[in-house]
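Below is one structure, written out as structure tokens; the observations come after it.
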């Protein structure tokens with residue numbers, strides 16, 4: 001006799017199959033809801049951190065901002081060079097800076113200094129320029145009178161100009177007059193083209209300027225002395 005094993009075949013009914021599908025869909029919905037709540041939690045954390053960052057309510061808070069210091073003088077580098085000095089121990093390299101400072105209100109200064117690096121040389125030149133300030137008399141929006149000054153091999157001629165002319169100058173002379181606050185002037189550079197010598201000649205010219213009123217008084221005194229003689 002053949003041994004036959006009865007295999008039990010169970011077929012799911014339509015209702016059972018439906019409940020299984022519903023269970024799967026419910027699981028998917030659940031994971032979707034969990035994911036959604038996780039995203040909402042993250043968004044809430046970001047919002048919270050953003051609010052703290054915006055209001056300064058974080059752990060350290062916002063740093064107090066110090067007001068910027070208003071500089072009394074504007075500064076511009078006229079010349080920057082690397083120089084070498086030969087010593088017993090070998091070559092010694094340094095930086096030389098020629099700096100022009102001014103407040104554009106009639107005061108201007110010049111400093112030349114050396115340093116191990118550029119920052120040090122600029123700092124030294126600035127303190128040197130503050131010691132060498134020159135006050136320029138400005139009359140009718142220009143310089144008081146014409147002048148010709150020589151420094152080394154450089155000659156600088158400065159002439160007054162009518163209002164609206166502007167600065168008809170170039171190079172070091174223009175830089176000095178701009179920082180001094182002279183609105184109208186004409187200049188001519190003769191001889192050497194060395195920037196430092198031209199700047200020195202320009203400062204010599206500015207130092208020799210005298211106020212127009214003082215000059216009128218001096219001319220009157222000279223005429224009086226000549227009349228008495």
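In full-length UniProt numbering, the protein residues as written are 1 to 229. Beta carbons are placed, not taken as given, at the ideal position from N, Cα and C, and that holds for glycine. Bear in mind the structure is a predicted one, so any value in this text is a computation, not a measurement.
Buried versus exposed call for residue i [16 or more other C-beta atoms within 10 Å across all chains shown]
i: residue 210; result: exposed
i: residue 173; result: buried
i: residue 224; result: exposed
i: residue 190; result: exposed
i: residue 185; result: buried
i: residue 111; result: buried
i: residue 199; result: buried
C-alpha distance - residue i paired with residue j, whole-angstrom precision
i: residue 148; j: residue 131; result: 25 Å
i: residue 73; j: residue 103; result: 5 Å
i: residue 207; j: residue 85; result: 33 Å
i: residue 126; j: residue 201; result: 19 Å
i: residue 78; j: residue 179; result: 12 Å
i: residue 265; j: residue 124; result: Limits of the chain in this structure are 1 at one end and 229 at the other, which puts residue 265 out of reach.
i: residue 177; j: residue 121; result: 23 Å
i: residue 175; j: residue 90; result: 37 Å
i: residue 170; j: residue 218; result: 33 Å
i: residue 227; j: residue 165; result: 39 Å
i: residue 144; j: residue 71; result: 28 Å
i: residue 142; j: residue 167; result: 10 Å
i: residue 187; j: residue 146; result: 10 Å
i: residue 93; j: residue 115; result: 9 Å
i: residue 152; j: residue 192; result: 8 Å
i: residue 76; j: residue 221; result: 42 Å
i: residue 95; j: residue 119; result: 9 Å
i: residue 203; j: residue 150; result: 10 Å
Reference residue i, options the options, closest by Cα
i: residue 183; options: 136, 224, 198, 207; result: 136
i: residue 140; options: 122, 163, 124, 119; result: 163
i: residue 106; options: 133, 194, 99; result: 133
i: residue 154; options: 205, 116, 76, 160; result: 205
i: residue 156; options: 128, 194, 129; result: 194
i: residue 138; options: 99, 150, 161; result: 161
i: residue 181; options: 100, 192, 95, 228; result: 100
Limits of the alpha helix (DSSP H) - the one that residue i falls within
i: residue 73; result: Segment: none, residue 73 is in no alpha helix (DSSP H) and carries neither H nor E.
i: residue 114; result: Not the alpha helix (DSSP H): residue 114 falls in the beta strand (DSSP E), residues 107-115.
i: residue 169; result: Residue 169 -> no alpha helix (DSSP H), and no H or E assigned at all.
Short CB-CB distance (under 8 Å) between residue i and chain D
i: residue 203; result: Among the protein chains of the structure shown there is no chain D, as only one such chain exists.
Beta strand (DSSP E) segment containing residue i, residue limits
i: residue 186; result: 185-191
i: residue 99; result: 90-102
i: residue 201; result: Counting along the chain, residue 201 falls outside any beta strand (DSSP E), though it belongs to the alpha helix (DSSP H) covering 195-208.
i: residue 154; result: 154-160
i: residue 148; result: 147-151
Assumed close pair residue i, residue j - CB separation to whole angstroms, cut-off 8 Å
i: residue 97; j: residue 113; result: 6 Å
i: residue 129; j: residue 109; result: 4 Å
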